[in-house]
Amino acid sequence: MIEILNSSELARARDAGALVAHILQTLKSRTTVGTSLLDIDAWAGTLIVEAGAQSCYVDYEPSFGRGPFGHYICTSVNDAVLHGLPHDYSLADGDLLTLDLAVSLRGIAADSAISFVVGASKPAESMAMIGATERALAAGIAAARPGARIGDLSSAIGAVLSEAGYPINTDFGGHGIGSTMHQDPHIPNTGRPGRGYILRPGLLLALEPWIMADTAKLVTDADGWTLRSATGSRSAHSEHTIAITDEGAEILTLPRP
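Residue numbers for the sequence shown follow this note's numbering, beginning at 11 and rising by one.
Have a look at this one:
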C-alpha cells in the first residue's frame, strides 16, 4: 500500500515527526555510562504515553521477527544494527548505541533513528561510520522531490556509503510510512537512478542508511529480533521521515528548538 496524504494528514505527520525527534533527543541526553537499555525503553514508553501517542513497536509482529516486539524502542549496541531488543545491559564508555523509534500520533506515524557514542571515548571508527550514514541520509533527502524515482534516492545513498568503503546490505532499508509504520515503496540503500516508483507530493518516506564496518551479512540473535553484523564489527544507522512537497523534501523528524 502507498498512501498520499492530504494537507490535514500532513499537519498531523509534522506533529508526529516532532514528537519522535523530541523523544530521541531526550533519551540521548539522559543516556550515560551505566544506563540500562531497559531504562531507555521505560523512558520512551513514558514519553509516548504522556504525549497521547501510541508505540508502533509494542504490538509489532512482522514475519521476520519473533513477535510481538513487546518494547517501545529499538536499542542496538555496537555490532547490533537493527531491531535491537532492549534487555538488561548497562552501557559502557565508548559503546556505539543506535536508538530507533516509531510513534503514531492522531493516526499518522513517524520513524527516526540516531546513532551516537556513549561516554567520553569516541572511537574513530565509530565516529566515521556515524558520519557516513548521516551524509548518506542527507544525500538521499537531497534527491527526493516530485518526479524523482525511488532509484534516484537509493543511488544517492549508496554512492556515499560506497565511497566511504562500506559494504551495503539491501535486505532492509527505507520505506513508505503514513497511517502505518511500514508501507510500500521499499527504498534500498543502493540502486540505479531512474528506476522505481515516481515520487509525488503528499508521500511520506522513511529513509534509513545503515552499515556494518566490514560485511553486508546479518545474523539474528537468539531473541529472534536483534540483527547483528556477521563478523562482530560495529554498525551505525541514521533515519529521518520526510514528506514530499511541491518544493522538494521536508524533514519531519528534525529536532525543533
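Just so you know, even glycine gets a beta-carbon here, dropped at the ideal spot from N, CA and C.
At what residues does the beta strand (DSSP E) containing residue i begin and finish?
i: residue 11; result: Residue 11 -> no beta strand (DSSP E), and no H or E assigned at all.
i: residue 259; result: 258 to 261
i: residue 266; result: It is not in any beta strand (DSSP E) - residue 266 carries neither H nor E in the DSSP assignment.
Applying the criterion that 16 or more other CB atoms from any shown protein chain within 10 Å of the CB defines a buried residue, is residue i buried or exposed?
i: residue 179; result: buried
i: residue 57; result: buried
i: residue 170; result: buried
i: residue 229; result: exposed
i: residue 143; result: buried
i: residue 257; result: exposed
i: residue 79; result: buried
i: residue 14; result: exposed
By how many angstroms is the C-alpha of residue j removed from the C-alpha of residue i?
i: residue 186; j: residue 176; result: 25 Å
i: residue 261; j: residue 148; result: 10 Å
i: residue 16; j: residue 189; result: 12 Å
i: residue 174; j: residue 54; result: 33 Å
i: residue 97; j: residue 242; result: 19 Å
i: residue 48; j: residue 88; result: 17 Å
i: residue 134; j: residue 18; result: 44 Å
i: residue 91; j: residue 60; result: 28 Å
i: residue 263; j: residue 172; result: 26 Å
i: residue 128; j: residue 11; result: 38 Å
i: residue 69; j: residue 236; result: 16 Å
i: residue 141; j: residue 200; result: 17 Å
i: residue 112; j: residue 64; result: 9 Å
i: residue 71; j: residue 198; result: 22 Å
Could you pull the start and end residues of the alpha helix (DSSP H) that residue i belongs to?
i: residue 121; result: Careful: residue 121 lies outside any alpha helix (DSSP H), inside the beta strand (DSSP E) at 118 to 127.
i: residue 24; result: 17 to 40
i: residue 145; result: 134 to 152
Please confirm whether residue i and residue j have their CB atoms less than 8 Å apart.
i: residue 208; j: residue 155; result: no
i: residue 162; j: residue 204; result: yes
i: residue 131; j: residue 106; result: no
i: residue 251; j: residue 122; result: yes
i: residue 100; j: residue 45; result: yes
i: residue 166; j: residue 150; result: yes
i: residue 35; j: residue 219; result: no
i: residue 217; j: residue 249; result: yes
i: residue 83; j: residue 103; result: no
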